[in-house]
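S.K.: Structure provided below as structure tokens; questions to follow.
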Amino acid sequence: MTMLGKDLLGLAGLSREQITGILDVAEPLKEISERTIKKVPTLRGMTVVNLFFEPSTRTRISFEFAEKRMSADTVNVATAVSSVSKGETLVDTARNLEAMRIDMVVVRHPGSGAARFLAERIESNVINAGDGTCEHPTQGLLDLLTLRDKLGSLEGRRICIVGDVLHSRVARSNIWGLQAMGAEVAVCGPRSLLPGAIREMGVQVFDRIEAAIDWAEALNVLRLQLERMEFGYIPSLREYNRVFGVTRARLERAPRDLLILHPGPMNRGVEIDSDVADGPHSVILQQVTNGVAVRMAVLYLLAGNKASLAEVAKTGGAT
Amino acid sequence: MSQTPTVVLNARAVARTISRMADEIIELNDGTDHLILVGIQRRGVQIADRLAEVIREREQVDVPRGALDITLYRDDLQTVGPRPVVGKTHLPGALEGKIVVIVDDVLYTGRTIRAALDELADFGRPARIMLAVLIDRGGRELPIHADVVGKKLEVAKGGRVDVLVPALDQRDEVVLLDPPGGGSA
């Protein structure tokens, strides 16, 4: 049975069953990273290319750990995007790689929709590792897994995404994923950093962080891209911290303990204070640990998912 | 699946068989020193629990138990594709110097056991690895045999043996399903 198709491009359109299926596979895979020999032979002989058109350290390393722990062969390709012919560069690069017989591509690209564009044009499985402001599905999945670890079922749980929602693919993947799982989702941030059509995504909007903290059971605090200030989205970092910063003083006034998530890298003292990031309710490092397990699960579930295999898989080879 | 299943072991027969298997395990190892029972997910884990229960009654010893999920060690990912369910693997401490008894419900092609041996090797080097199965249905595709067998059955290709356990199936018996269109065992 193929739970996913050929590619993982986003969480939009995935059903609760599909997302639950991925998380349920990720759960037992956590144990592999605790072994002395942190490796299973599952993807032996498969070649995975990490094709990054945008600088990334954490996501790339997390994927690379996941690939190696599943015994895939990995190649990292980091390229700058030619500003003139993005589409051509992307597909040409991938087709060149395919000519050397690869099996999967993990792609990060500044263009929204780049992952889908690529997936429709190559045979290999494609995993979206972040495309423009569109989606970052494995980050969304690792956030869901971390929340599920702590809260159990996400049905009816209240999760607020704080900060620069406008430019955030993490926010979009979280919104789609959380809604599929039955959670209530809100966003909180300066109006200049919220998408105009945010309410149409079915989320609540809080203008004040205090109100968000009062309502939520968990906060997913987004990274504030520091260059946003230069373009006039916010007056200053200090001002941002004063109005929207997740601080201990604010959390202490909350009616309950809130889980604190952050996709990293953090700007300590801007969107989140150090004593919150390092505090007892922060699950930021669990997110990092879960990221490897979730990516192992996605690699496994996509492996060998070619259209021709889907039928065989449905009947399930006899055991 | 229109044919009616034949019960080959009922609840009492299963209990007797498991008792005898436990005795054989104790006998083969001259006791329970260094013994670890490792069940293969999911029904092997249930059988291992029942073996441990009998051993506790006989020897007043709690034999350490583990569970192996061999999904990630299968050899058919390229032909069958990924299985959507992966179970938990956990072992009770280091394997060095231990006698590991792999426990499964049905031994058939031997491929599951091949995968289990590979997985165990990633955890350490036991002094010895043995295999105990409730049913040996023949049809091996690899040079693997069991040290302790509850019951041998000759099952035609295409036929099926189902071990039903209370925790998962709310039943406690072993049933045989003949292949569709005759071909009896």
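Protein chains in written order, with the working numbering: chain A, 25 to 343; chain B, 12 to 196. Beta carbons are placed, not taken as given, at the ideal position from N, Cα and C, and that holds for glycine.
Quick check on this structure: which residue in A/MET128, A/ARG272, A/ALA118, A/ILE56 has the alpha carbon closest to the alpha carbon of A/LEU326?
M.R.: A/MET128
S.K.: Contact criterion: CB-CB distance below 9 Å. Does B/ASP180 meet it with respect to chain A?
M.R.: no
S.K.: Who are the near neighbours of A/ILE237 in its chain, counting only those whose CB is closer than 6 Å to its CB and skipping five residues on each side?
M.R.: ARG274, ALA278
S.K.: Helix, strand or coil: how does DSSP classify A/LEU250 here?
M.R.: coil
S.K.: Using a Cβ-Cβ distance cut-off of 9 Å, determine whether B/LYS201 contacts chain A.
M.R.: Coverage of chain B is limited to positions 12 through 196, which leaves residue 201 of chain B absent and any answer about it impossible.
S.K.: I want to verify the contact list: residues of chain B whose CB lies under 7 Å from the CB of A/GLY45, in sequence order.
M.R.: PRO95
S.K.: Along the region 285-301 of chain A, where does the CB come closer than 7 Å to a CB of chain B? Name the residues.
M.R.: none
S.K.: Nearest to B/LEU62 by alpha carbon, out of B/ALA33, B/ARG54, B/THR90?
M.R.: B/ALA33
S.K.: For the beta strand (DSSP E) that contains B/MET32, what are its first and last residues?
M.R.: Where B/MET32 is concerned, there is no enclosing beta strand (DSSP E), although the alpha helix (DSSP H) it sits in stretches over 22-39.
S.K.: By the criterion of Cβ-Cβ separation under 8 Å, what are the contact partners of B/ASP129 in chain A?
M.R.: PRO65
S.K.: Does A/ASN198 pass the burial test, meaning 16 or more other C-beta atoms within 10 Å, or should it be called exposed?
M.R.: buried
S.K.: Going by DSSP, name the residue or residues bridged to A/PHE230.
M.R.: A/CYS212
S.K.: Closest to A/VAL322 by CA distance: which of A/THR117, A/VAL130, A/VAL115, A/ARG182 is it?
M.R.: A/VAL130
S.K.: Use the C-beta contact count for A/ASN74: other C-beta atoms within 10 angstroms, 16 or more gives buried, fewer gives exposed.
M.R.: buried
S.K.: Looking at chain E, is there any beta carbon in it that lies within less than 9 Å of the beta carbon of B/HIS45?
M.R.: The chain inventory of the structure shown lacks chain E, comprising the protein chains A and B.
S.K.: In whole angstroms, what is the alpha-carbon distance linking A/LYS63 and A/LEU202?
M.R.: 31 Å
S.K.: Distance, Cα to Cα, B/ALA59 vs A/ILE43?
M.R.: 32 Å
S.K.: Say whether the region 284-295 of chain A touches the region 241-251 of chain A, bearing in mind that this needs 3 or more beta-carbon pairs closer than 8 Å, one atom from each stretch.
M.R.: A contact exists between the region 284-295 of chain A and the region 241-251 of chain A.
S.K.: Output the distance between the C-alpha atoms of A/ARG40 and A/LEU53, rounded to the nearest integer angstrom.
M.R.: 20 Å
S.K.: Could you tell me if B/GLY169 is buried or exposed, where buried requires 16 or more neighbouring beta carbons within 10 angstroms of its beta carbon?
M.R.: exposed
S.K.: Could you give the first and the last residue of the continuous alpha helix (DSSP H) run that contains B/ASP223?
M.R.: Because chain B in this structure spans residues 12 to 196, residue 223 of chain B falls outside the shown range and cannot be described.
S.K.: Would you list, in chain order, the members of the region 51-65 of chain A that have their beta-carbon closer than 9 Å to a beta-carbon of chain B?
M.R.: If you check each beta-carbon in the region 51-65 of chain A against every beta-carbon of chain B, the ones closer than 9 Å belong to GLU51, PRO52, LEU53, GLU55, ILE56, ARG59, THR60, ILE61, LYS63, VAL64, PRO65.
S.K.: Using a threshold of 9 Å, state whether the C-beta atoms of A/ILE183 and A/GLU241 are closer than that.
M.R.: One thing to note: A/ILE183 has its Cβ within 9 Å of the Cβ of A/GLU241.
S.K.: For A/ASN329, return the contacting residues in chain B, with the cut-off set at a CB-CB distance below 9 Å.
M.R.: GLY92, PRO93
S.K.: Is the region 66-83 of chain A close to the region 297-311 of chain A, with three or more CB pairs under 8 Å?
M.R.: With fewer than three CB-CB distances shorter than 8 Å, the region 66-83 of chain A does not count as touching the region 297-311 of chain A.
S.K.: How is A/ARG266 classed by DSSP in three states: helix, strand or coil?
M.R.: helix
S.K.: With the cut-off set at 9 Å, would you say A/THR83 and A/TYR324 are in Cβ contact?
M.R.: no
S.K.: Can you confirm whether the region 134-150 of chain A touches the region 166-183 of chain A when touching is taken to mean that 3 or more C-beta pairs between the two stretches lie within less than 8 Å?
M.R.: no
S.K.: Compare the C-beta of A/VAL49 with all C-beta atoms of chain B and state if any pair is closer than 9 Å.
M.R.: True, the Cβ-Cβ gap to chain B drops below 9 Å.
S.K.: In chain order, what residues of the same chain have a beta carbon less than 6 Å from the beta carbon of A/ALA207, not counting five sequence neighbours either side?
M.R.: LEU178, ARG181, ILE183
S.K.: Under the three-state reduction of DSSP, which class applies to A/SER86: helix, strand or coil?
M.R.: A/SER86: helix per DSSP, three-state reduction.
S.K.: Starting from B/ILE140 and walking both ways along the beta strand (DSSP E), at which residues does that stretch end?
M.R.: 139-147
S.K.: So what does DSSP say about A/MET128, is it helix, strand or coil?
M.R.: strand
S.K.: Short check: CB of A/VAL318 to CB of A/LEU169, under 9 Å?
M.R.: The Cβ atoms of A/VAL318 and A/LEU169 sit closer than 9 Å to each other.
S.K.: So that I know if they touch, is there some Cβ in chain A lying closer than 9 Å to that of B/GLN89?
M.R.: yes
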